[in-house]
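Contents: one structure, followed by commentary.
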Amino acid sequence: MKFDVKNYPNVKVLNHPLLKHKITLLRDVNTGTNEFRNLVKEISILEGYEALANLPTELVDVTTPVEKTKQPMVSGKKLCFVPILRAGLRMVDGLLELVPSAKVGHIGLYRDEVTHIPHEYYCKLPSNLKERDVYLLDPMLATGGSAIDAVSMLKKHGAKNITFICIIAAPEGVDAFCRSNPDVPLYIGALDRCLNDKAYICPGLGDCGDRIFGTFDH
Numbered sequence: 034m035k036f037d038v039k040n041y042p043n044v045k046v047l048n049h050p051l052l053k054h055k056i057t058l059l060r061d062v063n064t065g066t067n068e069f070r071n072l073v074k075e076i077s078i079l080e081g082y083e084a085l086a087n088l089p090t091e092l093v094d095v096t097t098p099v100e101k102t103k104q105p106m107v108s109g110k111k112l113c114f115v116p117i118l119r120a121g122l123r124m125v126d127g128l129l130e131l132v133p134s135a136k137v138g139h140i141g142l143y144r145d146e147v148t149h150i151p152h153e154y155y156c157k158l159p160s161n162l163k164e165r166d167v168y169l170l171d172p173m174l175a176t177g178g179s180a181i182d183a184v185s186m187l188k189k190h191g192a193k194n195i196t197f198i199c200i201i202a203a204p205e206g207v208d209a210f211c212r213s214n215p216d217v218p219l220y221i222g223a224l225d226r227c228l229n230d231k232a233y234i235c236p237g238l239g240d241c242g243d244r245i246f247g248t249f250d251h
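Whatever position you read off the sequence shown (first residue = 1), add 33 for the working numbering.
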């Protein structure tokens, strides 16, 4: 059956022209490390703007140069941003531009190059996750294995309200993730065609971590 994202009610594929433009630059093999890093941050800000759109607000007293008034502010919601190491680290910078007061946790997973199965090597999370809105961050959703494991870890630590934000996703990963976590909203910058036989997203952008940290000559 042909993949149709409309069959996944927890998925939102973002459609802003600036987002599309920056993701195209991100894909380009000629985009250097510094520009690539900056683009990931800028894209994360644009995606974060959408993903944070439902934050509750409350009216507070403000005195302008003209008069006293009541105006909306975010109503003290406890937020936590959790990148999947290592590529997710750069996305945190973008989200913290929007909410500098948010807590930050870290989940370390690496993918076996033969089996493509993710393995945990690090987990450090803020306390009282059950009281926080947790935003899981990873640029790529390929097979879905890392994201599924990361959500499982967050839930084991008490997280109740989780949102996953990625930049590029493959249909196979979206399907696997949503079957495992239909309760977790998923925000996607671009939905690509498929995975290849090495479980890389096509057309994709290569290895995002390597391109962020300059650890190979692409």
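All residues carry an ideal CB built from backbone N, CA and C; glycine is no exception. This structure is a prediction, so every number in the text was calculated from the model and none was measured.
> Mind checking CYS199: buried by the 16 CB within 10 Å criterion, or exposed?
Replying inline: Counting of Cβ neighbours within 10 angstroms places CYS199 among the buried residues, the total reaching 16 or more.
> Is the region 124–136 touching the region 69–80, taking contact as three or more C-beta pairs under 8 Å?
Replying inline: Here the region 124–136 makes contact with the region 69–80; the two share three or more CB pairs at distances below 8 Å.
> Ends of the alpha helix (DSSP H) at VAL125?
Replying inline: Annotation: the continuous alpha helix (DSSP H) that includes VAL125 extends over 122–131.
>> Would LYS231 and ARG165 be called neighbours here (beta carbons separated by less than 7 Å)?
In response: No. Outside cutoff.
> Does the count of Cβ pairs from the region 177–197 and the region 57–75 closer than 8 Å reach three?
Replying inline: Contact fails: fewer than three Cβ-Cβ distances are below 8 Å.
> Hey, quick one: how far does the alpha helix (DSSP H) through LYS188 stretch, first residue to last?
Replying inline: It spans 178–189 - the alpha helix (DSSP H) in which LYS188 sits, taken as one unbroken run.
>> Please report the distance separating the alpha-carbon of ILE201 from that of PRO105.
In response: Going from the Cα of ILE201 to the Cα of PRO105 covers about 33 Å.
> Where do the N-terminal and C-terminal ends of the alpha helix (DSSP H) with ALA175 fall, by residue?
Replying inline: Looking at the DSSP string, ALA175 is not in any alpha helix (DSSP H), and its letter there is neither H nor E.
> If you run the structure through DSSP and keep just helix, strand and coil, what is GLY148?
Replying inline: Contrary to the premise, residue 148 reads as Thr rather than Gly in this sequence. Of the three classes helix, strand and coil, the one that applies to THR148 here is coil, per DSSP.
>> I'd like to know whether the C-beta atoms of ALA203 and ILE181 end up nearer to each other than 7 Å.
In response: Taking 7 Å as the Cβ cut-off, ALA203 and ILE181 do not qualify as a contacting pair.
> Expressed to the nearest angstrom, what Euclidean distance is found between the alpha-carbon atoms of LYS35 and CYS227?
Replying inline: CA-to-CA, the gap between LYS35 and CYS227 works out to about 12 Å.
>> Please identify the residue among MET173, CYS211, PRO159 whose C-alpha is closest to the C-alpha of VAL167.
In response: Nearest option by C-alpha distance: PRO159.
>> Please report whether the beta-carbon of LEU88 lies at a distance below 7 Å from any beta-carbon of chain C.
In response: Note that chain C does not occur in the displayed structure, where there is just one protein chain.
>> Please give the ranges of any alpha helix (DSSP H) in the region 215–248, keeping only runs that are unbroken, at least 4 residues long and fully inside the region.
In response: Inside the region 215–248, DSSP marks whole alpha helix (DSSP H) runs of 4 or more residues at positions 241–246, from first to last along the chain.
>> What would DSSP say about LEU52, mapped onto helix, strand or coil?
In response: The answer is helix: DSSP assigns LEU52 an H, G or I state.
> HIS251 to THR64, Cα distance in whole Å?
Replying inline: Because the pLDDT at HIS251 is just 44, under 50, the model does not fix this residue reliably, and the value given afterwards should be weighed accordingly. Here the alpha carbon of HIS251 sits roughly 9 Å from the alpha carbon of THR64.
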